[in-house]
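Since the structure comes first, as structure tokens, the remarks are kept for the end.
Chains as they are written, first to last, in our numbering: chain A, 4 to 109; chain B, 32 to 391.
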């Protein structure tokens with residue numbers, strides 16, 4: 004079913020945006036939808052998506068000492084279990100099957 | 032459970048069948064590469080050319096599973112609440128029956144829940160992190176990553192990053208077809224899915240606001256993404272060719288011009304959306320200009336806002352990207368919470384957009 008190698012979501016924090024850019028420029032990871040870095044007391048952080056071999060290479064990168072890398076989740080492994088949470092068939096195929104939203108009607 | 036592609040389409044049909052007086056199905060002209068038709072559901076009692084409209088996009092990026100579900104959920108909520116004459120509640124974020132009526136009877140909401148169904152189907156069945164559409168790989172290119180275009184780099188706004196930005200600006204896009212994430216496509220608006228969004232904006236000039244729902248960060252992004260904003264030098268703008276060699280660099284004193292009034296509107300509306308989100312369960316998305324760690328080109332939000340500048344006859348559209356939640360595919364119980372955050376945000380946008388825009 005799945006044709007790709009496992010992808011790991013990591014949170015990477017650098018002291019400043021320039022150090023984070025340097026790390027990303029060197030390691031060329033998937034930076035997600037938009038590369039929006041968040042500033043915290045620990046520095047400037049961003050979620051990155053890396054295959055295991057990319058992650059190993061990233062940890063050994065020249066710019067790696069400037070960042071901390073925390074593994075968050077194995078996206079692919081979670082996806083495998085999530086496929087059971089995708090609709091099978093068509094729940095709204097019957098004319099009387101009307102979708103209801105999650106809001107409380109009050 | 033997450034909606035599959037067939038369910039998104041049948042949900043649109045079912046909602047229109049159940050609420051024919053307050054909804055209309057709109058079918059853009061272009062089939063996807065795999066031959067799928069995509070559709071919008073317009074929600075509102077007034078004609079499309081009578082009152083202002085808000086375009087709500089979801090599913091541009093295949094792996095971001097929550098936005099299409101959020102848009103279908105919100106459309107269903109608004110239609111049902113209006114029919115029952117009730118209000119709506121998401122956590123502690125509440126909207127009265129009068130507010131629901133105000134939205135449905137004074138605006139048109141154009142829900143386009145799944146712009147990229149080919150990609151969504153592939154992400155849900157084959158590849159967890161698939162982002163692009165399913166444009167066939169160019170002749171001579173092999174490998175699965177050579178398939179597809181990043182639709183949110185394909186819009187006609189500074190699309191050719193190699194000629195429109197500083198060489199060292201590190202624009203978050205690519206001219207390489209085998210880039211697995213951000214290939215911009217062979218030409219601006221080359222993709223049928225992109226052209227469908229353009230068609231909606233061209234066909235319905237009453238649209239004044241657009242929110243493109245993505246995941247994840249979370250954050251609410253407003254214009255611009257191509258460079259840092261500035262409101263003092265009108266000549267420094269995306270149409271100025273003399274900036275083509277310097278555009279996009281951070282902190283260089285040169286930015287993309289946005290009039291102070293437009294910036295005020297964009298931020299104020301985004302903050303009201305964020306207030307509504309925070310009331311759901313306490314999560315603070317925050318509000319930022321879309322220029323983040325890197326500039327972007329060819330995105331939907333900047334394209335929507337740029338249209339009135341490249342074509343004075345076009346309506347000004349304030350564009351947003353809402354990056355919801357903190358992962359692409361959370362377990363559905365968490366997705367349900369995020370869907371409520373998105374619903375509250377978009378209802379707040381609808382409630383406040385006319386007043387904030389007219390009053391600025």
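No residue lacks a Cβ here, since even glycine has one placed at the ideal position from N, Cα and C.
Span of the alpha helix (DSSP H) around residue i
{"i": "residue 102(B)", "result": "97-115"}
{"i": "residue 40(A)", "result": "Premise fails: residue 40(A) is in no alpha helix (DSSP H) and is neither H nor E."}
{"i": "residue 367(B)", "result": "363-390"}
{"i": "residue 227(B)", "result": "223-234"}
{"i": "residue 121(B)", "result": "Here residue 121(B) belongs to no alpha helix (DSSP H); instead the beta strand (DSSP E) covers 119-121."}
{"i": "residue 308(B)", "result": "291-312"}
{"i": "residue 81(A)", "result": "78-85"}
{"i": "residue 269(B)", "result": "Residue 269(B) -> no alpha helix (DSSP H), and no H or E assigned at all."}
{"i": "residue 44(B)", "result": "36-49"}
{"i": "residue 340(B)", "result": "331-341"}
{"i": "residue 194(B)", "result": "192-195"}
Neighbourhood of residue i by C-beta, 6 Å cutoff - its chain only, sequence neighbours within 5 removed
{"i": "residue 196(B)", "result": "202, 278, 279"}
{"i": "residue 69(A)", "result": "17, 22"}
{"i": "residue 46(A)", "result": "16, 17, 18"}
{"i": "residue 299(B)", "result": "387"}
{"i": "residue 102(B)", "result": "87, 89, 142, 144"}
{"i": "residue 350(B)", "result": "241, 254, 332, 335, 336"}
{"i": "residue 29(A)", "result": "64, 66"}
{"i": "residue 301(B)", "result": "251, 253, 318"}
{"i": "residue 367(B)", "result": "none"}
{"i": "residue 200(B)", "result": "279, 280, 326"}
{"i": "residue 124(B)", "result": "307, 310, 311, 375"}
Residue interval of the beta strand (DSSP E) (run including residue i)
{"i": "residue 240(B)", "result": "238-245"}
{"i": "residue 12(A)", "result": "10-17"}
{"i": "residue 250(B)", "result": "250-253"}
{"i": "residue 56(B)", "result": "54-57"}
{"i": "residue 2(A)", "result": "With chain A covering only 4 through 109, there is no way to say anything about residue 2(A)."}
{"i": "residue 73(B)", "result": "71-74"}
{"i": "residue 124(B)", "result": "124-126"}
{"i": "residue 321(B)", "result": "Segment: none, residue 321(B) is in no beta strand (DSSP E) and carries neither H nor E."}
{"i": "residue 21(A)", "result": "Here residue 21(A) belongs to no beta strand (DSSP E); instead the alpha helix (DSSP H) covers 20-30."}
{"i": "residue 346(B)", "result": "Counting along the chain, residue 346(B) falls outside any beta strand (DSSP E), and DSSP gives it neither H nor E."}
{"i": "residue 86(B)", "result": "84-89"}
7 Å CB neighbourhood of residue i in its chain, flanking five on each side removed
{"i": "residue 65(B)", "result": "149, 165"}
{"i": "residue 389(B)", "result": "none"}
{"i": "residue 190(B)", "result": "215, 219, 328, 329"}
{"i": "residue 127(B)", "result": "118"}
{"i": "residue 377(B)", "result": "87, 105, 242"}
{"i": "residue 50(B)", "result": "110, 114"}
{"i": "residue 359(B)", "result": "94, 95, 96, 246, 247"}
{"i": "residue 213(B)", "result": "181, 184, 203, 204, 205"}
{"i": "residue 374(B)", "result": "101, 104, 105, 108, 121"}
{"i": "residue 380(B)", "result": "85, 240, 242, 300, 304"}
CB-CB length for residue i against residue j, believed under 8 Å
{"i": "residue 98(B)", "j": "residue 89(B)", "result": "4 Å"}
{"i": "residue 80(B)", "j": "residue 237(B)", "result": "6 Å"}
{"i": "residue 34(B)", "j": "residue 100(B)", "result": "5 Å"}
{"i": "residue 142(B)", "j": "residue 328(B)", "result": "That belief does not hold up - the Cβ atoms of residue 142(B) and residue 328(B) are roughly 27 Å apart, past 8 Å."}
{"i": "residue 66(A)", "j": "residue 25(A)", "result": "5 Å"}
{"i": "residue 250(B)", "j": "residue 316(B)", "result": "5 Å"}
{"i": "residue 161(B)", "j": "residue 154(B)", "result": "4 Å"}
{"i": "residue 109(B)", "j": "residue 135(B)", "result": "6 Å"}
{"i": "residue 231(B)", "j": "residue 59(B)", "result": "6 Å"}
{"i": "residue 221(B)", "j": "residue 185(B)", "result": "6 Å"}
{"i": "residue 94(A)", "j": "residue 100(A)", "result": "6 Å"}
Sequence-distant residues of its chain with Cβ nearer than 8 Å to residue i (five each side left out)
{"i": "residue 392(B)", "result": "Residue 392(B) falls outside the range modelled here, since chain B spans only 32 to 391, and no answer is possible."}
{"i": "residue 133(B)", "result": "382"}
{"i": "residue 385(B)", "result": "83, 137, 138"}
{"i": "residue 178(B)", "result": "163, 165, 166, 167, 168"}
{"i": "residue 194(B)", "result": "275"}
{"i": "residue 5(A)", "result": "Confidence in residue 5(A) is poor, its pLDDT being 49 and thus under 50, which makes the residue's placement unreliable; the coordinate value appears in the next sentence. Excluding sequence neighbours, residue 5(A) sits near 79, 82, 83."}
{"i": "residue 55(A)", "result": "8, 9, 11"}
{"i": "residue 363(B)", "result": "32, 33"}
{"i": "residue 223(B)", "result": "61, 62, 63, 64"}
Exercise. Between the segment 67-82 of chain A and the segment 8-22 of chain A, are three or more C-beta pairs nearer than 8 Å?
Worked result: Yes, the segment 67-82 of chain A is in contact with the segment 8-22 of chain A.
Exercise. Using 8 Å as the threshold, is the segment 19-35 of chain A in touch with the segment 48-57 of chain A, meaning 3 or more CB pairs across them?
Worked result: The segment 19-35 of chain A is in contact with the segment 48-57 of chain A.
Problem set entry | Any 3 or more C-beta pairs closer than 8 Å across the segment 66-75 of chain B and the segment 36-47 of chain B | When C-beta atoms of the segment 66-75 of chain B are compared with those of the segment 36-47 of chain B, three or more pairs fall below 8 Å, so the two segments count as touching.
For this session: Evaluate contact between the segment 298-310 of chain B and the segment 201-219 of chain B, counting only Cβ atoms and requiring at least three cross-stretch pairs below 8 Å.
Result: no
Problem set entry | alpha helix (DSSP H) segments (min. 4 residues) lying fully within the segment 140-185 of chain B | 148-156
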